[in-house]
Each structure stands twice: as C-alpha cells, then as structure tokens.
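When we follow the numbering used here, the leftmost residue of the sequence shown carries the number 320, and every step to the right adds one.
Here's the structure we're looking at; comments come further down.
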Amino acid sequence: MNSSLPKKIAILLASLFVVIQFIQPKRNLGESLGENDIAHTVVVPADVQEILSNSCFDCHSNATKYPWYASIQPFGFWLKDHVDEGKKELNFSEFKLYTEKRKAKKFKEIVEELEEDEMPLPSYTWVHKDAILTPVQKAALLAWAKKNYE
Ligand code: HEC
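Take a look at the structure:
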C-alpha cells in the first residue's frame, strides 16, 4: 500500500502525540505554606494571603494546583515552563530566605507588574477567570506591597 505524503505526515504527528503522552514533566507539588513562606517574614493580612494563593501561587510558590489538561502533553510542558520561570523570579514559599535587599526589590517588582497589569499572566487568566484581580484586590495587593518597601 502506498499512502500519500500528507497522510504519512499526519500519521507521524499522531504517533508523536501518543509517544509524548508517556513523558510527564515533574510536578510542583511541595508545601505552599512551609517554614520559609512569606507569611513567616512579613505581615500578610488574610485578604492579601487569599489573593496571593488564588492568583499568584500557581506559578510563584512550591505548590501548584494543576488543571486536568496538565496531564496532556504538550500542555504539561508548557505549564512546567511557566512555573519554573515564575518561581525563578519570585517564590513566595521561599521568600523568607531572600536577603532584605532582594525582598525589597521583589515588592517593587510586584508593584510594577500590577500597575502594568502584567500579572497574573494573561495566558493564565484566560482559563483561570477567577484569578483575574478585581479593582479591590489589586488595590489591596498594591497597598501591601508598597508598605513593604517604602
Ligand atoms: C501563569 C503563571 C503566573 C501567574 C499566575 C503569576 N505569575 Fe508572575 N511571573 C510568571 C512568569 C513566567 C514570570 C517571569 C517572566 C516574566 O517576567 O514575564 C513572572 C514574573 C513575575 C515577577 C517578576 C517580574 C520582574 O520584574 O522580573 C513578579 C513581581 C510577579 N511575577 C508577580 C506576580 C504576582 C503578584 C502574581 C499574582 C497577582 C503573579 N505574578 C501571577 C508567571 C506567573
């Protein structure tokens, strides 16, 4: 049997899709409120804590709540990339270990990111509508971050 080239390519891609399902990236399933958490080094009011865990912790803590499609590749790899990158920049679960200088810098960056509406990432809020910051939440987060570096 002689199949056409487009058909061969389709079969190749389909096989590749099946094969990559067997490669599951390691998940970020540590402790979110462990001993080095931000709450153990600066005052985190309850409303701020809730906003952080609802809108930021999936990428900026040691514990991500994964959506169902994280088991489907390549989405899982794509999520892992966001989590790795996000944690590298800012990890609330390890905030206590940062130097005072780095803490202040991070608070300043939080203000910048919020003022420019860059966080949470739009590609994230597109699926996680509940993570979109309301004006009240944004104001609370901004006031808290500013208080910590001014
Ligand atoms: C979907 C994952 C995701 C979520 C949710 C998320 N971030 Fe980020 N964040 C990232 C990634 C990835 C980076 C690094 C790349 C970049 O700066 O865009 C980052 C970078 C940052 C930085 C450092 C920026 C700089 O100046 O270097 C800050 C501050 C930040 N995020 C704050 C937040 C805050 C506050 C929230 C919640 C309101 C949040 N992020 C939610 C993924 C995320």
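Beta carbons: idealized from backbone N, C-alpha and C, even for Gly.
Since the model is a prediction, treat every value here as computed from it, not as a measurement.
Around the C-beta of residue i, are 16 or more other C-beta atoms found within 10 angstroms, so that it is buried, or is it exposed?
{"i": "Pro-439", "result": "buried"}
{"i": "His-379", "result": "buried"}
{"i": "Leu-324", "result": "exposed"}
{"i": "Ile-370", "result": "buried"}
{"i": "Leu-335", "result": "exposed"}
{"i": "Trp-463", "result": "buried"}
{"i": "Ala-458", "result": "exposed"}
{"i": "Lys-466", "result": "exposed"}
{"i": "Phe-394", "result": "exposed"}
{"i": "Gln-340", "result": "exposed"}
{"i": "Phe-396", "result": "exposed"}
{"i": "Gly-405", "result": "buried"}
For ligand 1, I want to know if residue i counts as a neighbour, meaning its beta carbon is within less than 8 angstroms of at least one of the ligand's heavy atoms.
{"i": "Ser-412", "result": "no"}
{"i": "Asp-377", "result": "yes"}
{"i": "Glu-431", "result": "yes"}
{"i": "Glu-350", "result": "no"}
{"i": "Gly-405", "result": "yes"}
{"i": "Glu-437", "result": "yes"}
{"i": "His-401", "result": "yes"}
{"i": "Glu-369", "result": "no"}
{"i": "Leu-409", "result": "yes"}
Does the separation of the CB atoms of residue i and residue j fall below 9 angstroms?
{"i": "Asn-381", "j": "Glu-432", "result": "no"}
{"i": "Phe-426", "j": "Tyr-468", "result": "yes"}
{"i": "Ser-351", "j": "Ser-322", "result": "no"}
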